[in-house]
Amino acid sequence: ILTEMDGFEGNTGVIVIAATNRADILDPALLRPGRFDRQVSVDLPDQRGRLEILQVHSRNKKLAEGVQLEEVALRTPGFAGANLMNLLNEAAILAGRRGQTAITGKEIDDAIDRIVAGLEGKPLVDGKAKALVAYHERPQARPTA
Numbered sequence: 013i014l015t016e017m018d019g020f021e022g023n024t025g026v027i028v029i030a031a032t033n034r035a036d037i038l039d040p041a042l043l044r045p046g047r048f049d050r051q052v053s054v055d056l057p058d059q060r061g062r063l064e065i066l067q068v069h070s071r072n073k074k075l076a077e078g079v080q081l082e083e084v085a086l087r088t089p090g091f092a093g094a095n096l097m098n099l100l101n102e103a104a105i106l107a108g109r110r111g112q113t114a115i116t117g118k119e120i121d122d123a124i125d126r127i128v129a130g131l132e133g134k135p136l137v138d139g140k141a142k143a144l145v146a147y148h149e150r151p152q153a154r155p156t157a
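Position 81 (the sequence shown) corresponds to 93 in the working numbering; numbering is contiguous.
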């Protein structure tokens with residue numbers, strides 16, 4: 013990428029945009045002036061943003077009566093847009109496998125569990141990932157005597 017970027021002479025009117033979820037491992041040479049010298053951080057969506065994303069991705073999916081996307085948005089802190097899209101796709105697949113014509117709360121619950129369990133399979137190196145799993149598992153925790 014550095015070679016390609018250095019090949020431009022003067023102002024050619026070309027703007028190069030890149031994205032990463034691991035800015036911490038970028039070669040510092042990429043961030044020098046004249047290269048990728050502007051960084052724009054895009055945080056994960058808040059509850060309202062998650063609701064809007066869920067509404068977009070549920071347009072072509074039949075939800076059973078009683079499925080509240082507001083509740084799903086509340087239950088998915090730390091989910092990016094791709095996670096939310098995957099959540100609804102997984103729920104739709106589960107509904108189809110179960111012979112249902114609509115996605116119910118059970119499929120959504122199971123899809124959330126699959127996605128969060130996927131996070132558990134990776135090392136939890138940051139506090140956000142640990143907090144996400146703890147938040148998700150909290151309602152399922154049962155005190156024992």
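Every residue gets a Cβ at the ideal spot worked out from N, C-alpha and C, and that includes glycine.
Query: Residue 127, DSSP secondary structure in three states; Result: helix
Query: With 16 other Cβ atoms within 10 Å as the buried cut-off, status of residue 32; Result: exposed
Query: Selection from 40, 62, 76 and 14 that minimises the alpha carbon distance to residue 90; Result: 62
Query: Cβ contact (3+ pairs, closer than 8 Å) linking the region 60-79 and the region 99-114; Result: yes
Query: First and last residue of the uninterrupted alpha helix (DSSP H) at residue 63; Result: 59-69
Query: Cβ contact (3+ pairs, closer than 8 Å) linking the region 72-82 and the region 108-122; Result: yes
Query: Pairwise C-alpha distance: residue 52 and residue 41; Result: 18 Å
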